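Below is one structure, written out as structure tokens; the observations come after it.
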Amino acid sequence: MICRLFLTALVSCSLLGACSSRAPSTNAAFPASSYPEWTEQDDAYRFYPGDKLSVSFSTAPELDRELIVAPDGRVVMPLVGDFMAADRSARELRHLMEQAYASELVDPTLTVAPVEFGSQQVFVGGEVNNPGVFALPGKIDALQAITMAGGWNETAKPQKVLVLRRTSEGKVLRAVINVKKGVVDPSVYDIGPLKRFDVVFVSRTWIADENKFVRQYILDALPLDFSFYYNLKDSRY
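Taking the numbering used here as reference, the numbering of the sequence shown is continuous, increasing by one, and the terminal residue is 238.
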């Protein structure tokens with residue numbers, strides 16, 4: 002499957018070979034100080050709108066619920082009201098609920114678990130033939146995502162592809178990779194596979210002001226679900 006995707010990219014993108022650059026870039030076009038260092042940590046699954054979760058009580062089964070995270074990121078529980086579930090792990094949400102139920106139950110011990118997952122999607126934009134939102138078919142990298150978007154077009158600069166990822170602390174990580182060379186040298190993809198809500202953007206020009214570019218041409222132009230995700234701050238209560 003991966004080989005097939007690589008072959009498609011080879012045919013559609015007129016590959017020539019170039020120098021690779023692992024994130025974070027340190028050249029003038031992509032100042033390393035703009036974003037935190039790329040990391041693959043923080044692997045705990047976090048809830049987002051559309052996910053279904055279960056809440057089970059040790060001593061009060063009548064309060065057990067299966068809930069779908071609403072478009073605003075919240076879930077509602079009896080007696081204590083709503084909680085911001087978006088951007089929280091099951092452990093974090095359980096802790097908040099146990100605190101809230103401490104005044105209602107003698108033993109507020111409960112379990113929170115994911116039941117069904119909402120769409121697992123990435124956004125591929127910029128100089129690709131079919132930009133848009135794509136479902137993750139499994140563990141794929143940026144080159145495979147670009148191939149899903151029809152490959153890069155003739156005005157693209159695939160030597161400098163931006164990959165954006167938001168952390169649970171609200172920071173946006175930025176990786177700059179060379180997908181052109183990645184076809185023959187997969188080791189350039191040591192940033193790991195893409196995750197839910199990652200953004201892959203293929204530019205057509207060198208970028209002087211990366212902060213402004215990311216905000217104006219990428220984050221502000223994202224679909225609604227992605228905008229919600231990247232605009233989450235610390236107001237999770």
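For glycine and all other residues, C-beta sits at the position ideal for the given N, C-alpha and C. Computed from a prediction, not measured in an experiment: that's the story for all the values here.
Through-space distance from R89 to F31, alpha-carbon basis: Its pLDDT being 36, under 50, F31 is placed unreliably by the model, and nothing is read from it.
Secondary structure of V53, DSSP reduced to three states: In the sequence under discussion, the amino acid at residue 53 is Lys, which differs from the Val named in the question. Reduced to three states, the DSSP call for K53 is strand.
Continuous alpha helix (DSSP H) stretch holding I141: start and end: Segment: none, I141 is in no alpha helix (DSSP H) and carries neither H nor E.
I69 to D186 span [Cα, whole Å]: The alpha-carbon atoms of I69 and D186 are separated by roughly 42 Å.
Minimum length 4: unbroken alpha helix (DSSP H) runs contained in the region 144-189: Fully contained in the region 144-189 are the following alpha helix (DSSP H) runs of length 4 or more, in chain order: 180-183.
C-beta contact flag for V177 and P159 at 8 Å: No, they are not a contact pair.
Nearest residue (CA-CA) to G151, options S104, N130, F118: For G151, the nearest C-alpha among the options comes from N130.
Own chain partners of E67 with C-beta closer than 7 Å, once the 5 adjacent residues on each side are dropped: Excluding residues up to 5 positions away in sequence, K53, S55, V116 lie with their Cβ nearer than 7 Å to the Cβ of E67 in the same chain.
Proximity winner among R95, W153, R167, relative to G133 (alpha-carbon distances): Here the closest residue by C-alpha is W153.
Straight-line gap, A24 to Y46 (C-alpha atoms, nearest Å): Any reading at A24 is ruled out, since the residue's pLDDT is 40, under 50, leaving its predicted position unreliable.
Buried versus exposed call for A136 [16 or more other C-beta atoms within 10 Å across all chains shown]: Result: exposed.
Residue(s) in a DSSP beta bridge with Q100: In the DSSP output, where bridge partners are listed per residue, Q100 has none listed.
Helix, strand or coil at E105 [DSSP, three-state]: Three-state DSSP puts E105 in coil, outside helix and strand.
Close Cβ partners of L1 (< 6 Å) along its chain, the five nearest in sequence each way excluded: Since the first and last residues shown for the chain are 2 and 238, residue 1 lies out of range.
8 Å contact criterion, which E128 and S204 should meet: CB distance rounded: Indeed they touch by this definition, with Cβ atoms about 7 Å apart.
Helix, strand or coil at L111 according to DSSP, with G and I counted as helix: Strand.
K140 versus G193, F118, D65, residue with shortest Cα-Cα distance: Proximity to K140 across G193, F118, D65 peaks at G193, based on C-alpha coordinates.
Beta carbon of L111 nearer than 8 Å to that of S57: Yes, they are a contact pair.
For E67: DSSP bridge partner residues: According to DSSP, which records beta bridges pairwise, E67 is partnered with S55.
Coarse secondary structure for R92, derived from DSSP in three states: It is helical.
Residue range of the beta strand (DSSP E) that includes Q122: Where Q122 is concerned, the enclosing beta strand (DSSP E) stretches over 122-127.
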